[in-house]
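Everything on this sheet refers to the single structure shown next.
Residue numbers (our numbering): 268 to 362.
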């Protein structure tokens, strides 16, 4: 029988992606790095919500922020997550 603990890290990663806003942010960042203001404008949600979701994604090692002048730009750094999101979005209606 499989050891449950080996599934804990993958489950945590999937939990981080299991929110429409976070999934949308990751998908957008896969197209290139963005700052909070640009993400907020694209999603048309409050900046505080964007920041909260980015914080969760950062904590799980999915994205990283890099200071560029006066702003922080974010990008996806987890290759597994990129693969997962691509598969999920191949046929979003068929999931």
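We put the beta carbon where it would ideally sit given N, CA and C, even for glycine.
According to DSSP, what are the bridge partners of residue 343? Translated into the one-based positions of the chain shown, residue 343 becomes position 76. DSSP output for residue 343 lists 330 as bridge partner(s).
Taking the alpha-carbon of residue 347 as reference, which of 300, 278, 312 has the nearest alpha-carbon? Stepping through the chain shown from its first residue, residue 347 is reached at position 80. Minimum Cα distance to residue 347 is reached at 278.
To which residues does DSSP link residue 371 through a beta bridge? Nothing in the structure corresponds to residue 371, since the chain is present only between 268 and 362.
In whole angstroms, give me the CA-to-CA distance for residue 318 and residue 358. Reading the chain shown from its first residue, position 51 is the one you call residue 318. Reading the chain shown from its first residue, position 91 is the one you call residue 358. Straight-line spacing of the CA atoms in residue 318 and residue 358 works out to 28 Å.
Count the other CB atoms, across all protein chains shown, that sit within 10 Å of the CB of residue 334; report buried if there are 16 or more and exposed otherwise. Residue numbering aside, residue 334 sits at position 67 when the chain shown is read from its first letter. Classification for residue 334: exposed.
Report yes if the C-beta distance between residue 288 and residue 320 is below 8 Å; otherwise report no. Mapped onto the chain shown, residue 288 falls at position 21. Mapped onto the chain shown, residue 320 falls at position 53. In this structure, residue 320 lies closer than 8 Å to residue 288 by Cβ.
Along the alpha helix (DSSP H) that carries residue 282, what are the first and last residues, could you check? Locating residue 282 in the chain shown gives position 15, counting from the first residue. Residues 275-284.
Can you check whether the CB of residue 341 is closer than 8 Å to the CB of residue 309? As a working mapping, residue 309 is identified with position 42 in the chain shown. As a working mapping, residue 341 is identified with position 74 in the chain shown. It is not a contact, given that the beta carbons lie outside the stated cut-off.
So what does DSSP say about residue 319, is it helix, strand or coil? Sequence index remark: in the chain shown, residue 319 carries index 52 (1-based). DSSP places residue 319 in helix when its eight states are reduced to three.
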